[in-house]
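Remarks on the structure that follows.
2 protein chains.
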Amino acid sequence: MKDSFWQEHLCYLGFRLTVPRKIVINILKETEKHLSAEDIYVKALKINPSIGLTSIYRTLLLFTKINVVQKHDFGEKKARYELINNPLKKEHHHHLICTRCKTVIDYADFMKEEVELMTKTENKLSKKYHFKIIYHTVHFYGLCVKCQKLA
Amino acid sequence: MKDSFWQEHLCYLGFRLTVPRKIVINILKETEKHLSAEDIYVKALKINPSIGLTSIYRTLLLFTKINVVQKHDFGEKKARYELINNPLKKEHHHHLICTRCKTVIDYADFMKEEVELMTKTENKLSKKYHFKIIYHTVHFYGLCVKCQKLA
DNA sequence: TTTCATATTGATAATGATTTTCATTATCAA
DNA sequence: TTGATAATGAAAATCATTATCAATATGAAA
Ligand SMILES: [Mn+2]
Ligand SMILES: [Mn+2]
Ligand SMILES: [Zn+2]
Ligand SMILES: [Zn+2]
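And the structure:
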């Protein structure tokens, strides 16, 4: 029983609909956070205690390849992941990262101007440096409200 | 004998002027590249074969803390470093990264508009999310000329 | 349904970058 | 020149992520 868009998508691409894959999708579907592999693993264990951390990594690798999740590198030594097309989120967004508690805030408010400038810059850069630009990242690092008080 | 601005700076802050520290400064001073700890270690060995990789890491950590070098995370599993205030470079610049050969290009050409927008966005974001923004990163990922042909 | 080829799994070991530990050494103020 | 101690280098420890490999679950075909 495929009960989500993403499960449909997996099948369509010829991948098997396995327990770990369903679990990972469900976990990511229900959060606005940017979870690490370990975070996901801990949540997954509560649903099915026989799941292996290795499978979480493999699943995340697969999902990243087929553009179902986005892998982020926010300057920690571990990666974080979020579902692409999560109905809880705006499609295209940039990030605000607290360097103390590692909280990540998505923002899409001021994206119009940003994206315009990004596109313009991309064009100029690719011309000048003969670079084929695939994607870009914009990260604002700082302290969230809570951490400002604590720090 | 302190023969550079950076050596002066180290002394000023009360740190000892040691062999590994001088070597790391000299290596970084003379390159436009973004070197990994290992890269620096290999170069350092040619200057003084008794230097340890551990000291390279320790030195880079110290330099990062006192704002002498900038540590970068370009999505590889290892970090890369560049000297702040390197006379070979424009002070403030953003980055263009080849995902295939890992080459990094500094660009400062179109920074005026970018920085303007960044500042504006920063203000709006810090108000809306009560976030204290310390710094930001803008990375364009893609393929350099060479890698476009090879890929 | 049952069967079956094989895609996928989970336990374990391996990796690779970075850190920690700790005994030894080098720096620099007195 | 001396001495307190900051800093070093070798080796072991960490920690996230990958590779291995025998066992298992999936889903198309019978
Ligand atoms: Mn996000
Ligand atoms: Mn740079
Ligand atoms: Zn915080
Ligand atoms: Zn390249």
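From first to last, the protein sequence lines are chains R and Y. Per our numbering, residue 690 is the first one in the first sequence, and the count goes up by one each step. Per our numbering, residue 690 is the first one in the second sequence, and the count goes up by one each step. Backbone N, C-alpha and C define an ideal beta-carbon position, used for all residues, glycine too.
Are the Cβ atoms of residue i and residue j separated by less than 8 Å?
i: Pro-769 (chain Y); j: Leu-806 (chain Y); result: In the sequence under discussion, the amino acid at residue 769 (chain Y) is Arg, which differs from the Pro named in the question. No, Cβ-Cβ distance for Arg-769 (chain Y) and Leu-806 (chain Y) is not below 8 Å.
i: His-819 (chain Y); j: Val-834 (chain R); result: yes
i: Glu-721 (chain R); j: Leu-772 (chain R); result: no
i: Gly-831 (chain Y); j: Asp-762 (chain R); result: no
i: Tyr-730 (chain R); j: Ile-714 (chain R); result: no
Examine chain Y for any beta-carbon lying closer than 8 Å to the beta-carbon of residue i, and answer yes or no.
i: Cys-790 (chain R); result: no
i: Thr-810 (chain R); result: yes
i: Lys-821 (chain R); result: yes
i: Cys-833 (chain R); result: yes
i: Tyr-746 (chain R); result: no
i: Glu-803 (chain R); result: yes
Based on Cα-Cα distance, which residue from the options lies nearest to residue i?
i: Val-708 (chain R); options: R:Ile-740, R:Tyr-701 and R:Lys-718; result: R:Ile-740
i: Asn-812 (chain Y); options: Y:His-825, Y:Lys-791 and Y:Trp-695; result: Y:His-825
i: Lys-821 (chain R); options: Y:Gly-703, Y:Leu-751, Y:Thr-788 and Y:Lys-766; result: Y:Thr-788
i: Leu-785 (chain R); options: R:Thr-753, R:Thr-743, R:His-828 and R:Thr-748; result: R:His-828
i: Ile-639 (chain R); options: R:Tyr-830, R:Leu-749 and R:His-783; result: This structure cannot settle anything about residue 639 (chain R), because the visible part of chain R is limited to 690 through 840.
i: Ala-840 (chain R); options: R:Tyr-796, R:Phe-752 and R:Cys-790; result: R:Cys-790
i: His-783 (chain Y); options: Y:Thr-792, Y:Val-731 and Y:Tyr-796; result: Y:Tyr-796
i: Asn-774 (chain R); options: R:Thr-792, R:Lys-766, R:Ile-755 and R:Lys-767; result: R:Ile-755
Using a Cβ-Cβ distance cut-off of 8 Å, determine whether residue i contacts chain R.
i: Ile-773 (chain Y); result: no
i: Gly-741 (chain Y); result: no
i: Phe-752 (chain Y); result: no
i: Ile-794 (chain Y); result: yes
i: Lys-817 (chain Y); result: yes
Hey, quick one: how far does the beta strand (DSSP E) through residue i stretch, first residue to last?
i: Asp-728 (chain Y); result: Here Asp-728 (chain Y) belongs to no beta strand (DSSP E); instead the alpha helix (DSSP H) covers 726-736.
i: His-761 (chain Y); result: 758-761
i: Leu-699 (chain R); result: Where Leu-699 (chain R) is concerned, there is no enclosing beta strand (DSSP E), although the alpha helix (DSSP H) it sits in stretches over 694-701.
i: His-783 (chain R); result: 783-787
i: Arg-769 (chain Y); result: 769-772
How would you write the range of the alpha helix (DSSP H) that residue i sits in, first residue to last?
i: Arg-710 (chain Y); result: 708-718
i: Leu-806 (chain Y); result: 800-818
i: Phe-829 (chain R); result: Taken as a continuous stretch (DSSP letters only), Phe-829 (chain R) belongs to no alpha helix (DSSP H), being part of the beta strand (DSSP E) at 821-832.
i: Ile-745 (chain Y); result: 742-754
(message) If you measure from each CB to the nearest heavy atom of ligand 6 and keep those under 6 Å, what residues do you get, in chain order?
(response) Among the ligands in the structure shown, ligand 6 does not appear; only ligand 1, ligand 2, ligand 3 and ligand 4 can be found there.
(request) Check each residue's C-beta against every heavy atom of ligand 3 and list, in chain order, those closer than 7 Å. (result) Those satisfying the condition are, in chain order, R:Cys-787, R:Arg-789, R:Cys-790, R:Thr-792, R:Leu-832, R:Cys-833, R:Lys-835 and R:Cys-836.
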